[in-house]
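Trainee:
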Amino acid sequence: MEKKRSKASAAVKSTRKSQQQITMDAVQALNMLSAKLSDNKYFCGDKPCSLDALIFGYLAPLLKTPLPNDRLQLHLSATPNLVRFVESILSIYMPLNDKILREQKISKPIWQKRKENARRLMEEGRVEKEMRRNEKEQSRPDSTLHRTLFFGIACLTTTILFALHTGIIVVEKVQIKEKKEVGGSEEKDK
Numbered sequence: 013m014e015k016k017r018s019k020a021s022a023a024v025k026s027t028r029k030s031q032q033q034i035t036m037d038a039v040q041a042l043n044m045l046s047a048k049l050s051d052n053k054y055f056c057g058d059k060p061c062s063l064d065a066l067i068f069g070y071l072a073p074l075l076k077t078p079l080p081n082d083r084l085q086l087h088l089s090a091t092p093n094l095v096r097f098v099e100s101i102l103s104i105y106m107p108l109n110d111k112i113l114r115e116q117k118i119s120k121p122i123w124q125k126r127k128e129n130a131r132r133l134m135e136e137g138r139v140e141k142e143m144r145r146n147e148k149e150q151s152r153p154d155s156t157l158h159r160t161l162f163f164g165i166a167c168l169t170t171t172i173l174f175a176l177h178t179g180i181i182v183v184e185k186v187q188i189k190e191k192k193e194v195g196g197s198e199e200k201d202k
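Counting along the sequence shown from 1, when you hit position 79 you're at 91 in the working numbering, and nothing is skipped either side.
(1) Excluding the five sequence neighbours on either side, which residues of its own chain have a C-beta within less than 6 Å of the C-beta of residue 64, listed in chain order?
(2) So the candidates are 87, 33 and 82; which of them puts its Cα closest to the Cα of residue 132?
(3) Have a look at residue 30 and residue 21 and give me their C-alpha separation to the nearest angstrom.
(4) Is residue 57 helix, strand or coil when you go by DSSP?
(5) Classify residue 14 as helix, strand or coil using the three-state DSSP reduction.
(6) Take residue 77 as the anchor and find which of 108, 106, 116 and 59 has the nearest alpha-carbon.
(7) Since residue 74 and residue 86 are thought to touch, with beta carbons under 8 Å apart, how far apart are those beta carbons, to the nearest angstrom?
(8) Taking the beta carbon of residue 108 as the centre, do at least 16 other beta carbons fall within 10 Å, making it buried, or is it exposed?
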């Protein structure tokens with residue numbers, strides 16, 4: 013499980029997007045799916061196809077699984093056509109018997125409690141991270157000044173090198189005649 017989590021974390025980090033940006037992309041994807049489905053029963057007509065199965069595979073866990081961050085779950089719940097899509101596939105192809113339904117009703121409060129604990133822990137971790145980040149920012153000198161100075165020096169150096177390379181600035185070699193000592197007396201070249 014830990015390997016899968018680290019692999020997924022590496023995939024998320026490779027996108028170089030923040031958690032908020034990824035969440036916004038997911039919300040936008042849900043909006044597009046909702047617009048595409050519109051009032052139809054399935055995405056490609058009256059009968060389900062492989063695309064419907066693929067989309068169901070992503071939406072059903074998102075809708076039914078308790079998550080510590082439920083922003084996407086709430087947004088999905090706010091799109092009635094996607095909820096209807098998931099519920100209809102569940103009821104047609106995966107009907108639950110009465111025993112499972114009773115077990116779900118019993119376990120739902122337990123999952124809600126776990127969800128609240130996870131949300132609280134996540135919030136505490138976020139607050140702690142922000143405190144550490146603020147301490148680091150206060151302890152180090154103004155990095156924007158350093159970055160600006162470094163950028164200015166790099167630009168100046170690049171401009172001078174460009175001017176030298178293109179011939180805008182020409183540097184000539186000048187030989188300086190040295191004083192020579194001959195027999196203890198200095199002879200000056202004039």
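Every residue gets a Cβ at the ideal spot worked out from N, C-alpha and C, and that includes glycine.
Bear in mind the structure is a predicted one, so any value in this text is a computation, not a measurement.
Mentor: Well, looking at it:
(1) Taking the first residue of the sequence shown as 1, we reach residue 64 at position 52. Only 54 and 55 meet the Cβ criterion.
(2) Along the sequence shown, read from residue 1 onward, the residue named residue 132 stands at position 120. That would be 82, whose Cα lies nearest to the Cα of residue 132.
(3) Position 18 of the sequence shown, counted from the first residue, corresponds to residue 30. Position 9 of the sequence shown, counted from the first residue, corresponds to residue 21. If I take the Cα positions, the gap works out to 12 Å.
(4) Within the sequence shown, numbered from 1, the residue matching residue 57 stands at position 45. Correct three-state label for residue 57: strand.
(5) Walking along the sequence shown from the start, residue 14 turns up at place 2. If DSSP states are grouped into helix, strand and coil, residue 14 belongs with the helices.
(6) Position 65 of the sequence shown, counted from the start, is the residue given in the question as residue 77. Of 108, 106, 116 and 59, the residue nearest in Cα terms is 116.
(7) The residue given as residue 74 occupies position 62 in the sequence shown. The residue given as residue 86 occupies position 74 in the sequence shown. With 8 Å as the limit, residue 74 and residue 86 do not qualify as a contact, their Cβ atoms being about 11 Å apart.
(8) By 1-based counting over the sequence shown, the position of residue 108 is 96. By the neighbour-count rule (16 or more Cβ atoms within 10 Å), residue 108 is not buried but exposed.
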